[in-house]
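**Q** At position 76 of the sequence shown the residue is numbered 76 (the UniProt record's numbering), and the sequence of numbers has no breaks. A virtual CB, placed ideally from N, CA and C, is assigned to each residue, including glycine. Mind looking over this structure? Questions follow.
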Amino acid sequence: MIVRLAALALLGWVLGFAWFAIFLPEPLDGRRTDAIVVLTGGPGRIDRGIALMQQGAAKRMLISGVDRSVRPGELAAQYDTPQALFDCCITLGREAIDTRSNGLETARWLARRDYQTVRLVTTDWHMRRSALELTQALPPRIHIVYDAVPSHPSLSVLMREYNKYLLRRIAALIGI
1 MIVRLAALAL
11 LGWVLGFAWF
21 AIFLPEPLDG
31 RRTDAIVVLT
41 GGPGRIDRGI
51 ALMQQGAAKR
61 MLISGVDRSV
71 RPGELAAQYD
81 TPQALFDCCI
91 TLGREAIDTR
101 SNGLETARWL
111 ARRDYQTVRL
121 VTTDWHMRRS
131 ALELTQALPP
141 RIHIVYDAVP
151 SHPSLSVLMR
161 EYNKYLLRRI
171 AALIGI
């Protein structure tokens, strides 16, 4: 009986991992949202958020998890973006140190604004866990749309992220 349960658990993990790896989230169309939240940590994320802001896809943008030593002018120069865009519309969030605190930082930022829709920008392999954290931190009235930055993750990155996602799902189920 124990062997059967272990085999069933392993089969469930393998099938879940196959779903996780094969059906990675994709970039979203150019629809407009009230805000954009970009999670730092991977290539192309900030580029995607700035491009969306320049296209007028949102009113404001939060870049969550920015190092305390980074200044808006430095980011504007690095991403070849007008300083005026950073001055008016882009907030650098400096409190988050991991995905869970990204969700909490985003929730606090959105609580000060009356936004109904937010676009989450992060890497495709990171989207599911990020979305879970954000969904748990935000009130149900805020609608989240997912805009994944395409990547080519290795098998080890996918396995590590899938295991983190499962652990976070279990923790959420038991209320942690």
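#1: Taking its Cβ as the centre, do 16 or more other Cβ atoms sit within 10 Å of W13, making it buried, or is it exposed?
#2: For the beta strand (DSSP E) that contains Y146, what are its first and last residues?
#3: Give me the Cα-Cα distance between D114 and A171, rounded to the nearest whole angstrom.
#4: Per DSSP, what are the beta-bridge partners of A77 in this structure?
#5: What did DSSP end up calling T99 once you bin it into helix, strand or coil?
#6: Which partner residues of L39 appear in the DSSP bridge assignment?
#7: Hey, how far is the Cα of I50 from the Cα of I90?
#8: Please classify W109 as buried or exposed, where buried requires at least 16 neighbouring CB atoms within 10 angstroms.
#9: At which residues does the beta strand (DSSP E) containing I50 begin and terminate?
#10: Check whether the Cβ atoms of residue 198 and G44 lie closer than 8 Å to each other.
#11: Compute the Euclidean distance between the alpha carbons of R32 and A58, then round it to the nearest angstrom.
#12: So, is F86 buried or exposed, given that buried needs 16 or more other C-beta atoms within 10 angstroms?
#13: Would DSSP call L92 helix, strand or coil?
#14: With DSSP run on the structure shown, which of helix, strand or coil describes T123?
#15: Quick one: any contact between the region 129-143 and the region 96-106, if contact means 3 or more CB pairs under 8 Å?
#16: In this structure, does DSSP put V118 in helix, strand or coil?
#17: Go through its chain and collect everything with a Cβ distance to P25's Cβ below 6 Å, but skip five positions before and after it.
**A** So, from the data block:
#1: In the sequence shown, counting from the first residue as 1, residue 13 sits at position 13. By the 10 Å Cβ count, W13 comes out exposed.
#2: Start at 1 with the first residue of the sequence shown, and residue 146 comes out as number 146. Start and end: 143-149.
#3: Here residue 114 refers to the residue found at position 114 of the sequence shown. Here residue 171 refers to the residue found at position 171 of the sequence shown. Take the alpha-carbon of D114 and the one of A171: they are about 30 Å apart.
#4: Here residue 77 corresponds to residue number 77 of the sequence shown, with the count starting at 1. In the DSSP output, where bridge partners are listed per residue, A77 has none listed.
#5: Stepping through the sequence shown from its first residue, residue 99 is reached at position 99. In the structure shown, T99 sits in a helix (DSSP, three-state: H, G or I).
#6: Within the sequence shown, residue 39 is the residue found at index 39, counting from 1. Looking at the DSSP output, L39 sits in a beta bridge with S64.
#7: Position 50 of the sequence shown, counting from 1, holds the residue named residue 50. Position 90 of the sequence shown, counting from 1, holds the residue named residue 90. Their Cα atoms are separated by approximately 9 Å.
#8: Here residue 109 refers to the residue found at position 109 of the sequence shown. So W109 counts as buried.
#9: Start at 1 with the first residue of the sequence shown, and residue 50 comes out as number 50. In this chain, I50 is not harboured by any beta strand (DSSP E); it is covered by the alpha helix (DSSP H) spanning 45-54.
#10: Here the chain has residues from 1 to 176 only, and residue 198 is not among them.
#11: Taking the sequence shown and counting its residues from 1, one reaches residue 32 at position 32. Taking the sequence shown and counting its residues from 1, one reaches residue 58 at position 58. If I take the Cα positions, the gap works out to 6 Å.
#12: Residue mapping note: residue 86 aligns to position 86 of the sequence shown, counting from 1. Per the 10 Å Cβ criterion, buried.
#13: The sequence position of residue 92 within the sequence shown is 92, counting from 1. Here L92 sits in strand by DSSP.
#14: As a first step, residue 123 is located in the sequence shown; it is residue number 123 there, counting from the start. In this structure, T123 counts as strand in the three-state DSSP scheme.
#15: With the cut-off at 8 Å, the region 129-143 and the region 96-106 touch.
#16: Here residue 118 corresponds to residue number 118 of the sequence shown, with the count starting at 1. It is a strand residue.
#17: Position 25 of the sequence shown, counted from the first residue, corresponds to residue 25. Shown here for P25: same chain residues with a beta carbon closer than 6 Å to its own, the five before and five after excluded, namely D124, M127, Y146, A148 in chain order.
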